[in-house]
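Here is the structure we will look at, set down as structure tokens.
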Amino acid sequence: MISSALSKNIDHQLLINQLEGYLNHRKDNLLKNLFLQKSFNKFNKQYFNFRKKYKDTKWSIQPLRNDQNKLLLDIKIISTREINDQIYNLHSKQTVKIETYKNKIKRYKVIDEESILNSQKSPLNINVISP
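Under this note's numbering, residue 1399 is the last one in the sequence shown; the count climbs by one each step, no gaps.
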């Protein structure tokens, strides 16, 4: 039983490391391998829309809680976006609940989010939704 739980923790950490690495290195073709098809379709649509708007994105993903087939992740996103010759900085923090099946993401849900978008020239703060 202990070795099974340890194995699951190692599997989850590998999944987290791969997800963070693929997102940071824009290995979009490999992201699909981390998800079940239905979950990937949802993620890919949101991710594609996000990538169209935000450039040079840096992702940091850390586990908050690790149960048998469920993970609670702390995800930090830092990015930039240009609108009408104005550059904006995005700082986003999300808590995401992930359910896995056979080491793939079966389902995910953002359960908490805080995002700040500000320009380099003015301190205007705007909340945004990121994937």
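Idealized CB from N, CA, C, for every residue including glycine.
Can you give me the start and stop residues for the alpha helix (DSSP H) that residue i sits inside?
i	result
residue 1299	1296-1299
residue 1334	Counting along the chain, residue 1334 falls outside any alpha helix (DSSP H), though it belongs to the beta strand (DSSP E) covering 1323-1334.
Between the Cα of residue i and those of the options, spot the shortest distance and give me the residue it belongs to.
i	options	result
residue 1362	1345, 1335, 1372 and 1368	1345
residue 1304	1389, 1384, 1366 and 1379	1366
residue 1287	1384, 1302 and 1348	1302
residue 1342	1380, 1299 and 1289	1380
residue 1383	1369, 1360 and 1318	1360
residue 1314	1387, 1368, 1378 and 1333	1378
Would you grab the beta carbon distance between residue i and residue j for me? Rounded to a whole angstrom, and I think it's under 8 Å.
i	j	result
residue 1354	residue 1321	That pair is no contact at about 14 Å.
Under a CB-based cut-off of 8 Å, is residue i close to chain D?
i	result
residue 1302	Going by chain labels, chain D is absent from the structure shown, which holds only one protein chain.
If you measure between the beta carbons of residue i and residue j, is that distance less than 8 Å?
i	j	result
residue 1358	residue 1347	yes
residue 1328	residue 1373	no
residue 1364	residue 1356	no
residue 1290	residue 1282	no
residue 1294	residue 1323	no
Secondary structure, beta strand (DSSP E): runs of 3+ residues fully inside the stretch 1331-1385: Those beta strand (DSSP E) runs which fall completely within the stretch 1331-1385 and span 3+ residues are 1338-1351 and 1354-1369.
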